[in-house]
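Working notes for the structure below.
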Amino acid sequence: MTLENIYKPHRVRIEEKRKETYDTTSFKLVFVDDEVRERFTYRAGNFGEYSVFGEGESTFCVASSPTRQGYIECCFRAVGRVTKALAAREVGDIIGFRGPYGNHFPLEDFFGKSMVFVAGGIALPPVRSVIWNVLDLRDKFEDVTIVYGARSVADLVYKHELVEWEARGDVNLITTVDPGGETEDWKGRIGFVPNVLKEAAPKGENSVAVLCGPPIMIKFTLPVLKELGFGEEDVWTTLENRMKCGLGKCGRCNVGDVYVCKEGPVFTAAQVARMPNDF
Amino acid sequence: MSDRTDRIREIARKWLADGAVEAVVGWAEGTLGNRTAPVLIRKAEEADRLVFNEHCINNLTTYLKRAPVKGMQHVGIVAKGCDIKALVGLIQESQVPREKVKILAVTCPGVQGAGGTVPVKCRACDVKTPVFYDELAGEKLESTPDPDARTRELEKLDALSAGERMAFWRKELDKCIRCYACRQACPLCICSRCIAEKNQPQWVETSPHPRGNFSWNLIRAYHLAGRCVECEACETACPANIPLMLLNRAMARTVKEAFDYEAGKDPEVPPPLRTFHLDDDNSFIL
Amino acid sequence: MPCMTLEATALSKVARDLAGQGRRLVLPVREGPELFYREGADPEALDLSTLPKNSIKEFLFPKCERVLTYRQRGNDVDVEDVTPAVGPTVIFCARPCDAASLPVVEPLWNWDYKDKFFNLRRENTLIVAYACRQAPEEACFCVSVGLSPSSEQGADVLLCPLDEHRVAVKFLTDAGRQVQAVFEAYKTGEADDAALDAFSQEGAASLAHRKKLDKVKGWLDTHFEDPLWEEKTFPCIGCGTCTFLCPTCHCFDIQDESVFDGGSRLKSWDGCQFSLFTLHTSGHNPRGVQSQRYRQRILHKYSIYPSKFGKILCTGCGRCVAHCPVNLSLYDVVATAQERAEKGE
Amino acid sequence: MEEARKESGNDDAAWEPRIVAFICNWCTYTGADLAGTSRMKYPPNVRVIKIPCTGRFDPLFMIKAFERGADGVLVSGCHPGDCHYAAGNYNARRKFTVFRKLLEFMGVDMERVWFSWISASEGGKWVDTITRFTETIREKGPFVEYREMIDVG
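Chains as they are written, first to last, in my numbering: chain A, 3 to 281; chain B, 5 to 290; chain C, 142 to 486; chain D, 1494 to 1646.
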């Protein structure tokens, strides 16, 4: 029996690098191996292990849409040893990628519904994958609303795409920053995401909400969604637990008997509510 | 031993009843015949759970660095003479305010090591009757320390060549699994984030291979130089049976020879690596 | 069915012969006050007086294993796969609780993603288990998790020391039967079923005082928040000795370690008792205090793993009880859970 | 790994003593500079790492040097009484005292670990120290005992 090495990453080349904020970087990555590049598929919500050899691996989602083949994108904040090393890499450099891992958003189930995306700060990338997936299949969905907030204008990621979404007639984009985080020329809202969402009041009927952000934002946004008429089964989120292997073996990502790396990271609010308080 | 147990319970009960302490850390019956278990007594009526016998090997002062004891204003601690030395170190290094801790000292004829052996610290014990405490339980005992108990094993290693010594340590340290039980058990390993857990930059490699194991064990011993009170908690906790105390005792010997200092004796004296003399040994420096 | 017996003194010779056929030999030997399973030890040093302090885990899932090597070349990098040089191995006189750990962890290493490192070692390892006539340690509780001192789980060959001198040999798998001839060379007699039954009963009787833990999972599933966790775990110093000595604990870390431009990616033992294990980069830690980490260990063994794989992640070897430096007994905790469940608490 | 060894000078065939010197910014570094500007010659086997003061020296620096293939390590700073920060070198001397004894006890040959005080004006002493240290290491050969540990991982 010859088994492949499940810990061995693919080599990927950094095709584009963008400094999203003072501490956040995004990459467009292309598989070096032609065969892998052609064979590689994934779904919105999947994640991967990104490595800088000599520093280690870091876990984050694939931020691009599976409708766009041949490359993947990712976006991360340089905080730890690996992410700092990643951020120091330049266009043309080779890094490692293992994946895709985990489950995904069941996009087909959302066909014919309105989509509401709610994201805070660095949590836009996982939502972005779904957003582009939806926008690339725009006629299969009803209304699309995006509420994106951050502590300050400087903390908003994918600013160039916010402009693009803003310009589209078929997307209702609402951006907001926390009070005090605005700049003089800021044209978006000022206020916390839950309040802004409440004002925007997208209808909850025949709608799906995709919600990602810091725990405090999630905590106050869930009641707002409930008020708007979203059922717990129609609110989707991703759990971002610490992981090492991504393969259901290393033992650190579980919440109760849910292995986030295999059964997640995508869950409905109803599923999360059933989990023990081990986040 | 049973009268010591009675006396410990009596004092603990009084302290708790008077509100002099929020809790008392002591030993209770263990779940195995040859063990006792650390216990936190919060109520006077629970004081009868406390025991003292030859299986009270744990140095309970290690709980001073952990929740919930760390957050308490006043805490009682049952301690043998050897354990109190660690407390002296903690007070000396301003880790624990003296007034926070009420020391319930117990005279100790010696505890039982692994497999019923007599630990080196007991053979070398000079504090069968503790000298630094608030209350003393048990009749006073005379200490009869074996003067060579601590150095006998060291001298065997001294007699080897450098290469042989490295081979010895290479073999012993290959057993290390990097669980850091040594650090966790040690009352004087007080860093909130250990050097072995820092990775930017990563000075000590965390994987249990010879390179990382040598570096870790060396720096652990070094960070305890002039501080280790030889309570043997690290060696007792080590699941791989590495003779960690050889390193600690070698350091203690150096500190004694070079600076005439012994750890855990006097809370007023500055620790040897936090001070210096103009006429310290300079002979090894060109 | 009757099985062959041999003299206890012949065991070292059998070990030597098995090694002589080109196998890496692992067997229990004495080191100081305790026994350890060691690779390459002298077969004559075979010591069966009690349960070794380490488990056989390290011979199938080493404490530190290279999973790939890399070398940076300018902005490119060469990544090389690693296949461990694993030859045939015999673990001789593994205790039944150690042998039984293998079928427990096998599904973990193979669900969806197959870990070739474990599997390569597993395929190459022959387990000659040595049943316990009586529970060797005060901390033993294999009967509580559905095993026994003469359990055949995970063993290719089972040795049953019927008395001081006679050892009955059962060949349980094809791999075991393939080495039958090695044992036959030292055959001195036969033992009948009655003798083997009596042997099993003697072993089980020595642990008659241990509880069945059949209600633990139900209790755990409804008592995630319970004062028990803080009460019981005060002594815990988070040293992880329990996880590292455990035959079934399998958590690991992945780290890169380099010398200049080249290096290795290493998979090393890790454990749920360490605060860094689950610490997020943000500083948030889902299991920030020791009682939560201890609870995780119990839950993983007695609730999570059974939910996922249908097996308790514990073989009752009692190492975590015997070697806990602060005498925090896992058995005591789960037995308390069982008692509370029985009382309907 | 083979190539890494060659590049890093750890290849035995082409072996040259590899010495790492941790030297203080104020005295020894200036002394070494003086040796250079005075065109004094000394073996090129030393890799200098400047530290602000010997008081900044951490034993892990030395361990890292050995982990990266050093055959000998020198730590050098201001003479007692001359420390730019008043007492850094006195504190350092205590650390050296215990650390070298620990290294010795763990089997590191003390001839591979040198300490010196070299002032800004002692270019000659720097040259002499490096020359003698290099020769000592050359006689002893590569630090194979430590390198055996390095190769793992």
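C-beta atoms are modelled at their ideal positions from N, C-alpha and C, and glycine is treated no differently.
Within the continuous alpha helix (DSSP H) that includes residue i, where are the two ends?
{"i": "Ser291/B", "result": "Past the boundaries of the shown model lies residue 291/B; chain B is included only from 5 to 290, so the question cannot be answered."}
{"i": "Gly93/B", "result": "Gly85 to Gln96"}
{"i": "Gln433/C", "result": "Gln431 to Leu440"}
{"i": "His464/C", "result": "Note, His464/C: premise wrong, no alpha helix (DSSP H); not H, not E."}
{"i": "Asp36/A", "result": "Asp36 to Arg41"}
{"i": "Ala262/B", "result": "Leu248 to Phe263"}
{"i": "Phe450/C", "result": "Tyr446 to Phe450"}
Taking the straight line between their C-alpha atoms, what separation do you get for residue i and residue j?
{"i": "Arg91/A", "j": "Cys214/A", "result": "27 angstroms"}
{"i": "Gly1646/D", "j": "Val218/C", "result": "Only weak support is given to the placement of Gly1646/D: the predicted model assigns it a pLDDT of 46, under 50, and the value that follows is read from those uncertain coordinates. Approximately 18 angstroms between the Cα atoms of the pair."}
{"i": "Val1606/D", "j": "Gly173/C", "result": "34 angstroms"}
{"i": "Lys179/B", "j": "Ile246/B", "result": "7 angstroms"}
{"i": "Ala1497/D", "j": "Phe218/B", "result": "At Ala1497/D, the pLDDT of 49 sits below 50, so the modelled position is not reliable; the number obtained from the coordinates is stated separately. When rounded, the distance between both Cα atoms is 22 angstroms."}
{"i": "Asp270/B", "j": "Phe29/A", "result": "59 angstroms"}
{"i": "Asn1538/D", "j": "Asp1575/D", "result": "28 angstroms"}
{"i": "Phe281/A", "j": "Gly429/C", "result": "10 angstroms"}
{"i": "Ala463/C", "j": "Arg157/C", "result": "31 angstroms"}
{"i": "Pro368/C", "j": "Pro376/C", "result": "15 angstroms"}
{"i": "Asn57/B", "j": "Asp334/C", "result": "47 angstroms"}
{"i": "Phe62/A", "j": "Glu278/C", "result": "46 angstroms"}
{"i": "Thr447/C", "j": "Thr43/A", "result": "The residue asked about is misnamed: residue 447/C is Pro in this sequence, not Thr. The straight-line gap from Cα to Cα measures roughly 33 angstroms."}
{"i": "Lys328/C", "j": "Phe340/C", "result": "19 angstroms"}
{"i": "Phe136/B", "j": "Ala149/C", "result": "56 angstroms"}
{"i": "Cys383/C", "j": "Cys60/B", "result": "20 angstroms"}
{"i": "Tyr178/C", "j": "Val269/C", "result": "13 angstroms"}
{"i": "Met219/A", "j": "Tyr160/A", "result": "20 angstroms"}
{"i": "Asp35/A", "j": "Cys186/B", "result": "46 angstroms"}
{"i": "Cys238/B", "j": "Arg274/C", "result": "34 angstroms"}
{"i": "Arg164/C", "j": "Asp239/C", "result": "20 angstroms"}
{"i": "Arg235/A", "j": "Asn208/A", "result": "For the sequence presented, residue 235/A should be read as Glu rather than Arg. Approximately 12 angstroms, taken between the alpha carbons."}
{"i": "Met245/A", "j": "Leu54/B", "result": "42 angstroms"}
{"i": "Ala349/C", "j": "Val475/C", "result": "17 angstroms"}
{"i": "Glu201/B", "j": "Gly216/B", "result": "12 angstroms"}
Would a check of beta-carbon distances place residue i closer than 8 angstroms to chain F?
{"i": "Gln116/B", "result": "Protein chains A, B, C and D are contained in the structure displayed, whereas chain F is not."}
What residue range is occupied by the uninterrupted beta strand (DSSP E) comprising residue i?
{"i": "Gly50/A", "result": "Phe49 to Val54"}
{"i": "Cys144/C", "result": "Cys144 to Glu148"}
{"i": "Ser60/A", "result": "Gly58 to Cys63"}
{"i": "Ala48/B", "result": "Looking at the DSSP string, Ala48/B is not in any beta strand (DSSP E), and its letter there is neither H nor E."}
{"i": "Cys238/B", "result": "Where Cys238/B is concerned, there is no enclosing beta strand (DSSP E), although the alpha helix (DSSP H) it sits in stretches over Ala237 to Ala241."}
Would you list the residues sitting across from residue i in a DSSP beta bridge?
{"i": "Ala152/A", "result": "Val179/A"}
{"i": "Phe78/A", "result": "Thr27/A"}
{"i": "Pro169/C", "result": "Tyr178/C"}
{"i": "Pro42/B", "result": "Trp31/B"}
{"i": "Phe33/A", "result": "Val14/A"}
{"i": "Trp238/A", "result": "Val212/A and Thr270/A"}
{"i": "Ile81/B", "result": "Val29/B and Ile107/B"}
{"i": "Tyr261/A", "result": "Asn256/A"}
{"i": "Asn7/A", "result": "None; Asn7/A has no bridge partner."}
Is any heavy atom in the ligand FMN found nearer than 7 angstroms to the beta carbon of residue i?
{"i": "Glu331/C", "result": "With respect to the ligand FMN, the structure shown offers nothing to examine, as it has no ligands at all."}
In chain order, which alpha helix (DSSP H) runs of at least 4 residues are fully inside the segment 177-229 of chain B?
185-189 and 214-227
Which runs of the alpha helix (DSSP H) at least 4 residues long sit entirely within the segment 1552-1635 of chain D? Give them in chain order.
1552-1560, 1581-1598 and 1616-1633
In the segment 82-99 of chain A, which residues sit with their C-beta less than 8 angstroms from some C-beta in chain B, listed in chain order?
Gly82, Arg83 and Lys86
Can you give me, in chain order, the residues of the segment 256-282 of chain B that have a beta carbon less than 9 angstroms from any beta carbon in chain D?
Arg257, Thr258, Val259, Glu261, Ala262, Phe263, Pro276, Leu277, Arg278, Thr279, Phe280, His281 and Leu282
Can you list, in chain order, the stretches of the alpha helix (DSSP H) that have 4 or more residues and sit fully within the segment 325-352 of chain C?
334-346
Entirely within the segment 175-219 of chain C and at least 3 residues each: give me those beta strand (DSSP E) ranges in chain order.
175-180 and 205-214
Residues in the segment 1590-1608 of chain D with C-beta within 8 angstroms of chain B's C-beta atoms, listed in sequence order?
Thr1590, Val1591, Phe1592, Arg1593, Lys1594, Leu1595, Leu1596, Glu1597, Phe1598, Met1599, Gly1600, Val1601, Asp1602, Met1603, Trp1607 and Phe1608
Positions along the segment 1545-1561 of chain D whose CB lies within less than 7 angstroms of some CB in chain B:
Pro1552, Leu1553, Ile1556, Lys1557 and Glu1560
Ignoring anything shorter than 4 residues, give me the alpha helix (DSSP H) runs that lie fully in the segment 85-140 of chain A, in order along the chain.
109-112 and 126-138
At 4 residues or longer, what runs of the alpha helix (DSSP H) sit wholly inside the segment 231-308 of chain C?
237-240, 242-251 and 257-264
Could you pull out every unbroken beta strand (DSSP E) segment of at least 3 residues lying fully inside the segment 369-416 of chain C, listed in chain order?
393-400 and 403-410
What runs of the beta strand (DSSP E), each 3 residues or longer, lie entirely inside the segment 113-150 of chain B?
139-141
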